[in-house]
Amino acid sequence: MARAGDQVRHTGPGPAPDGMRVPPSAEAWRHIPSWEFHRANVDPGRAGRW
150 MARAGDQVRH TGPGPAPDGM RVPPSAEAWR HIPSWEFHRA NVDPGRAGRW
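Residue numbers 150 to 199, in this note's numbering, belong to the letters of the sequence shown in order.
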């Protein structure tokens, strides 16, 4: 687990389900256009730019 989108590999039992992914960095979030959030059904107040 090193970068956004990498799959988490378990080395032992843990609280996370298999297939979890690492969330994007703050820098990566800033480059996602607001319309992508709208397509994912994120309400406009949360998807808007400041």
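All C-beta atoms, glycine included, are put in the ideal place defined by N, C-alpha and C.
Nearest-angstrom Cα separation, counted from residue j out to residue i
i: Pro182; j: Ser174; result: 15 Å
i: Arg188; j: Ala177; result: 18 Å
Rounded Cβ spacing between residue i and residue j (contact assumed at less than 8 Å)
i: Arg179; j: Phe186; result: Rounded, the Cβ-Cβ distance is 12 Å, inconsistent with contact.
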